[in-house]
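Structure first, then comments.
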DNA sequence: CGGTATCCAGTAGGATACTG
DNA sequence: CAGTATCCTACTGGATACCG
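Residue numbers (full-length UniProt numbering), protein chains in the order written: chain Z, 1 to 127; chain B, 1 to 127.
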């Protein structure tokens with residue numbers, strides 16, 4: 001449970017509280033637009049930096065590197081540098097990354113499936 | 001496909017391009033920390049505003065109202081006002097909201113399942 | 001109790017330029 | 001080509017105060 005605070009102050013809770021705060025931290029990391037879109041893009045295949053930039057519509061150079069570092073740090077993405085010139089850097093989802101990707105896929109599917117419902121809800125709301 | 005730009009400029013594409021940009025807009029709306037945590041919290045049961053505030057650890061009054069309006073506008077959440085005094089306002093997931101909640105559940109599960117992997121990846125990365 | 005408005009500090013994030 | 005650093009604006013989001 002990410003949303004719930006663990007019960008107060010018993011000494012034995014120390015480990016659980018740490019795990020919970022770690023979970024919340026990770027959740028905050030990945031629950032953002034660019035991270036999820038990058039994961040989704042990498043689901044199909046390994047991509048180089050420049051390919052990712054083209055694939056993830058609207059992402060800036062800065063946001064892309066920033067999120068890639070974060071995903072790498074959390075073990076969701078592997079970064080492979082080919083020491084050629086010019087350099088060639090490839091990003092691949094790790095196992096856990098692939099798992100998460102499946103969930104993101106569901107969200108993407110959900111979005112397209114409910115476009116109509118949402119559009120209606122919006123016009124109803126905006127009046 | 002949320003991440004891909006649709007193919008350029010053929011007149012027949014107008015509808016598809018509209019759908020795609022709408023999808024991206026919706027995705028940006030819901031792919032944020034607070035929205036997902038609120039959906040997750042409401043998955044268990046209908047909650048009043050103040051209960052939500054307690055349930056979603058760390059959310060501010062402002063962020064909560066803001067995200068609730070957004071979720072209501074997109075038809076993910078129903079808002080029911082009981083005209084008592086003091087007022088009582090209850091929030092419930094709609095059908096589509098419940099569907100999305102299932103996906104968010106998967107992400108929450110994923111997070112807890114891979115805590116170890118992630119922690120290791122982090123210490124490896126941070127050296 | 002729940003919602004809205006105001007203020008403002010912190011930061012996210014774009015543009016740009018430079019390195020290997 | 002990919003990464004890092006710098007600058008600078010715009011917006012996010014918290015605190016506070018006030019209405020119904």
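Glycine included, each C-beta is placed from N, C-alpha and C at the ideal position.
Within chain Z, the residues that residue 106 (chain B) reaches when beta carbons sit closer than 8 Å = Listed along the chain, the chain Z residues whose CB falls inside 8 Å of the CB of residue 106 (chain B) are 102, 103 and 106.
Can residue 92 (chain B) and residue 123 (chain B) be called in contact, C-beta distance under 7 Å?
-> In this structure, residue 123 (chain B) does not lie closer than 7 Å to residue 92 (chain B) by Cβ.
In the DSSP assignment, find the alpha helix (DSSP H) that holds residue 88 (chain B) and state where it starts and stops.
-> Where residue 88 (chain B) is concerned, there is no enclosing alpha helix (DSSP H), although the beta strand (DSSP E) around it starts and stops at 88-93.
Under 7 Å Cβ-Cβ, which residues of chain Z neighbour residue 72 (chain B)?
-> Neighbours of residue 72 (chain B) on chain Z, chain order: 125.
Distance between residue 121 (chain B) and residue 36 (chain B) (C-alpha atoms, nearest Å) = A straight-line Cα-Cα distance of about 25 Å links residue 36 (chain B) and residue 121 (chain B).
Contacting positions in the region 13-41 of chain Z - beta carbon closer than 8 Å to chain B | Going along the region 13-41 of chain Z in chain order, one finds 19, 22, 23, 24, 26, 27, 28, 30, 31, 32, 33, 36, 37, 40 and 41 with a Cβ nearer than 8 Å to chain B.
Completely contained beta strand (DSSP E) runs for the UniProt domain "HTH hxlR-type" (19-119) of chain B, where each covers 3 or more residues = The qualifying runs are 77-82 and 88-93.
Nearest to residue 33 (chain B) (by Cα), restricted to the options B:60, B:23 and B:50 | It is B:60 whose Cα lies nearest to the Cα of residue 33 (chain B).
What residues in its chain sit with their C-beta under 7 Å from that of residue 107 (chain B), if we drop five residues either side in the sequence?
-> Excluding sequence neighbours, residue 107 (chain B) sits near nothing in its chain.
Exposure label - residue 75 (chain Z); buried when at least 16 CB within 10 Å = That one is buried.
Using a C-beta cutoff of 7 Å, does residue 99 (chain Z) count as contacting chain B?
-> It does; some Cβ of chain B falls within 7 Å.
Who are the neighbours of residue 122 (chain Z) on chain B, taking C-beta pairs under 7 Å?
-> Taking a Cβ-Cβ threshold of 7 Å, the residues of chain B close to residue 122 (chain Z) are 73 and 74, in chain order.
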